[in-house]
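**Student:** Before anything else, here's the structure in question.
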Amino acid sequence: MKGAVIAFVSVVLVLLACGFRSQAGPQNPAVGQKTSAAPSSKATLPKEGERRFQANCGRCHNPPDSLSPREVKAVLQHMRVRAMLSAEDEQLILKYLAP
Amino acid sequence: MRGAKPEAVIAKILLLALPAALSGPSAVRGQSDTPILSGGVQFVGTSNAGAVFYQPVIEPVLVVPVGDHWLFETRAGFQGFIARENGTTGPYQAQFFRSLDYAQIDYIANSHFTITAGRFLTPFNIYNERLGPVWLRNLQDGPIILPIGTRTSSSSNGFMLRGVAVEREKWQLNYTAYFSTLSTTDYLQAGRAAGGRVGIFFPFAGVELGASYQRFLQNGDYNNSGMYLAWQPPSIPFDTRFEYAHSPGGHGYWLESAYRFAGDRRSMAGLGRLQAVARVQQFFKGVATPQDFLPAADTNRLDFGLNYYLPHDVRLNGSYGRQFSSTGNANIWNFQITYRFLFPAWPGGSK
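Chains as they are written, first to last, in numbering that gives the first Met the number 0: chain A, 0 to 98; chain B, 0 to 350.
Structure follows, in structure tokens:
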């Protein structure tokens with residue numbers, strides 16, 4: 000009985016997740032946009048940096064309140080190891096967090 | 000590979016990585032290195048089957064970058080445990096514990112290779128490395144299956160190689176390989192083991208799935224294996240994480256979902272501060288092994304929690320869990336306040 004209850008809750012959680020996915024609209028303008036691996040325009044860098052932050056760092060936490068570029072650099076080196084950020088991710092997120 | 004010593008295999012991997020290290024690009028140039036002090040502070044009140052206890056926790060992290068390629072990082076844990084002498088009766092008594100979770104030197108060669116030496120968190124599945132810090136986890140109690148693959152102390156002493164093996168616009172393949180030696184030294188306990196993890200991440204869908212393997216090279220040598228799935232759809236603040244792990248001592252899974260009542264994960268307006276969390280776990284007992292830190296019998300558990308995010312990285316959390324086991328059912332309540340801090344390790348570093 001207990002196993003059945005737990006299995007039922009698991010199924011409900013998965014179904015809820017699928018439902019949210021199908022009902023949700025594109026609230027984040029970055030979603031669904033095709034972005035090149037190497038952004039060419041300077042104007043696109045902050046948006047691309049934000050997208051990279053959300054795709055990588057934002058999976059576990061929000062950005063810190065405020066950081067200087069030097070602090071951001073140290074944090075990003077830390078996260079290159081922890082979250083396996085690429086060098087390009089690091090540069091773009093740096094420009095987003097400390098423009 | 001059979002018959003080869005794990006040390007020899009690791010040495011070969013490190014030698015192969017050296018040429019790439021020498022040609023690695025510099026990521027961020029022209030800025031001085033600023034060490035940072037970060038981490039989390041937490042106070043938890045728990046009622047577990049009627050036994051009430053309190054745990055103040057501080058986990059400071061020191062990060063010292065040296066140039067563009069070298070990094071020293073360490074995290075310690077200081078935890079108090081304040082409980083009644085006989086569980087539910089008697090005067091309160093306090094005990095304090097210290098731990099060194101990691102103290103490692105990293106050489107970031109490029110996106111494909113990072114070489115780590117020292118003491119590091121054992122990279123088995125995702126909970127131990129990514130969700131372990133007190134300010135990151137959605138529910139205070141770790142999963143039942145957490146000891147699988149992370150014996151003996153959740154940390155390893157040795158070498159690790161990690162990075163993104165293949166990076167494409169729509170997907171990334173990441174990997175980790177490591178070897179750990181046995182240590183029984185106080186605060187540096189580790190098991191002798193070798194293993195690795197492979198994951199594939201689809202950034203536009205917010206999906207990552209992967210698998211872990213570990214060969215535990217002591218207490219009779221045995222295999223641990225696991226798999227994981229994480230899904231954070233970019234368009235809604237909904238998170239789902241799943242892990243399965245198997246060892247001779249037993250196998251099981253946990254599935255956790257969290258939903259923030261806002262259109263954006265960073266929203267701090269109205270109900271946007273509130274996040275609901277639910278987790279389901281099942282553990283099936285295998286052959287009992289001494290000090291495997293796993294339950295003595297089949298165990299099922301359900302948890303429900305609410306997180307409330309305050310400004311300045313402060314978070315309140317309350318959760319209720321119900322555990323079912325042949326050794327006894329229990330209600331588990333947790334209430335906690337958590338603060339995440341981050342500042343330069345010395346004055347003037349924030350300029």
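Ideal Cβ placement from N, Cα and C applies to all residues, glycine included.
A quick note: this is a predicted structure, and the numbers were derived from the prediction, not measured.
If you check the beta carbons only, do B:E72 and A:H60 fall under 8 Å apart?
**Tutor:** Residue numbering aside, residue 72 of chain B sits at position 73 when the second sequence is read from its first letter. Residue numbering aside, residue 60 of chain A sits at position 61 when the first sequence is read from its first letter. No.
**Student:** Taking the straight line between their C-alpha atoms, what separation do you get for A:L84 and A:N55?
**Tutor:** By 1-based counting over the first sequence, the position of residue 84 of chain A is 85. By 1-based counting over the first sequence, the position of residue 55 of chain A is 56. Approximately 8 Å between the Cα atoms of the pair.
**Student:** Check each residue of the region 199-211 of chain B: if its Cβ is closer than 9 Å to any Cβ of chain A, include it; give the result in chain order.
**Tutor:** The residues in question are F200, P202, F203, G205, E207.
**Student:** Using 10 angstroms around the beta-carbon of B:R167, count the other beta-carbons present and answer buried if the total reaches 16, otherwise exposed.
**Tutor:** Walking along the second sequence from the start, residue 167 of chain B turns up at place 168. It counts as exposed.
**Student:** Tell me whether the beta-carbon of B:T180 lies closer than 8 Å to the beta-carbon of B:G195.
**Tutor:** On the second sequence, residue 180 of chain B is found 181 positions in, with the first residue counted as 1. On the second sequence, residue 195 of chain B is found 196 positions in, with the first residue counted as 1. Not a contact, by the Cβ cut-off of 8 Å.
**Student:** B:E255: which of B:S155, B:Q274, B:Y212, B:R264 sits nearest, CA to CA?
**Tutor:** On the second sequence, position 256 is the one that residue 255 of chain B refers to. Cα-wise, what sits closest to B:E255 is B:Q274.
**Student:** Which residue from B:D312, B:R150, B:S155 puts its Cα closest to that of B:A116?
**Tutor:** Here the question's residue 116 of chain B lines up with position 117 in the second sequence. If we check each option's Cα against that of B:A116, B:S155 comes out closest.
**Student:** Quick one: Cα of B:I107 to Cα of A:V80, how far?
**Tutor:** Taking the first residue of the second sequence as 1, we reach residue 107 of chain B at position 108. Taking the first residue of the first sequence as 1, we reach residue 80 of chain A at position 81. Near 8 Å, if we compare the C-alpha coordinates of A:V80 and B:I107.
**Student:** Please confirm whether B:Q280 and B:Y258 have their CB atoms less than 8 Å apart.
**Tutor:** Working through the second sequence from its first residue, we reach residue 280 of chain B at position 281. Working through the second sequence from its first residue, we reach residue 258 of chain B at position 259. No, the Cβ-Cβ distance between B:Q280 and B:Y258 is not below 8 Å.
**Student:** If we cut at 8 Å on Cβ distances, does A:K72 have a partner in chain B?
**Tutor:** Mapped onto the first sequence, residue 72 of chain A falls at position 73. With 8 Å as the cut-off, A:K72 counts as an interface residue toward chain B.
**Student:** Name the two residues that bound the continuous alpha helix (DSSP H) containing B:L187.
**Tutor:** Position 188 of the second sequence, counted from the start, is the residue given in the question as residue 187 of chain B. Taken as a continuous stretch (DSSP letters only), B:L187 belongs to no alpha helix (DSSP H), as it is neither H nor E.
**Student:** Relative to the C-alpha of B:Q41, which residue among B:P343, B:Q217, B:R339 is closest?
**Tutor:** Residue mapping note: residue 41 of chain B aligns to position 42 of the second sequence, counting from 1. That would be B:R339, whose Cα lies nearest to the Cα of B:Q41.
**Student:** Would B:I35 pass as a contact of B:L341 if the rule is Cβ separation under 8 Å?
**Tutor:** Taking the first residue of the second sequence as position 1, residue 35 of chain B is located at position 36. Taking the first residue of the second sequence as position 1, residue 341 of chain B is located at position 342. For B:I35 and B:L341, yes; Cβs fall inside 8 Å.
**Student:** What residues in its chain sit with their C-beta under 6 Å from that of B:Q171, if we drop five residues either side in the sequence?
**Tutor:** To locate residue 171 of chain B, count along the second sequence from 1; it is residue 172. V163, F200, listed in sequence order.
**Student:** Would DSSP call A:D88 helix, strand or coil?
**Tutor:** The residue you call residue 88 of chain A lines up with position 89 of the first sequence. Of the three classes helix, strand and coil, the one that applies to A:D88 here is helix, per DSSP.
**Student:** Could you check the C-alpha separation between B:F241 and B:F323 for me, to the nearest Å?
**Tutor:** For the purposes of this step, residue 241 of chain B is identified with residue 242 of the second sequence, where counting begins at 1. For the purposes of this step, residue 323 of chain B is identified with residue 324 of the second sequence, where counting begins at 1. Their Cα atoms are separated by approximately 20 Å.
**Student:** Going along the chain, which residues of its own chain have a beta-carbon closer than 6 Å to the beta-carbon of B:S246, five neighbours each way excluded?
**Tutor:** For this step, residue 246 of chain B is matched to residue 247 along the second sequence. Excluding residues within five positions, the ones whose Cβ falls inside 6 Å are I147, N223.
**Student:** Apart from the five residues on each side of it in sequence, which residues of its chain come closer than 8 Å, Cβ to Cβ, to A:L93?
**Tutor:** The residue given as residue 93 of chain A occupies position 94 in the first sequence. Hits under 8 Å: G48, P68, V71, K72, L75.
**Student:** Among B:V60, B:F77, B:D105, which one has its Cα closest to the Cα of B:G66?
**Tutor:** Taking the first residue of the second sequence as 1, we reach residue 66 of chain B at position 67. The candidate whose alpha carbon is nearest that of B:G66 is B:D105.
**Student:** Does any residue of chain B have a CB that is nearer than 8 Å to the CB of A:P45?
**Tutor:** For the purposes of this step, residue 45 of chain A is taken as residue 46 along the first sequence, with counting starting at 1. No, A:P45 does not count as interfacial toward chain B.
**Student:** Would you mind telling me which residues of chain B sit closer than 7 Å to A:G57, beta carbon to beta carbon, in chain order?
**Tutor:** Sequence index remark: in the first sequence, residue 57 of chain A carries index 58 (1-based). Those are R264, listed as they occur along chain B.
**Student:** Secondary structure at B:F203, three-state DSSP: helix, strand or coil?
**Tutor:** Residue numbering aside, residue 203 of chain B sits at position 204 when the second sequence is read from its first letter. Of the three classes helix, strand and coil, the one that applies to B:F203 here is coil, per DSSP.
**Student:** Hey, is B:E72's beta-carbon within less than 8 Å of any beta-carbon in chain A?
**Tutor:** For the purposes of this step, residue 72 of chain B is taken as residue 73 along the second sequence, with counting starting at 1. It does; some Cβ of chain A falls within 8 Å.
**Student:** Tell me, which residues are paired with B:T337 by DSSP?
**Tutor:** In the second sequence, the residue the question calls residue 337 of chain B occupies position 338. B:Q41, B:R314, per the DSSP bridge assignment.
**Student:** Three or more C-beta pairs under 8 Å: does that hold for the region 93-100 of chain B against the region 210-226 of chain B?
**Tutor:** Touching, no, given that fewer than three Cβ pairs across the two stretches are closer than 8 Å.
**Student:** By a C-beta neighbour count over all protein chains shown, 10 Å radius and 16 as the cutoff for buried, is B:W332 buried or exposed?
**Tutor:** The residue given as residue 332 of chain B occupies position 333 in the second sequence. Exposed, by the Cβ-count rule.
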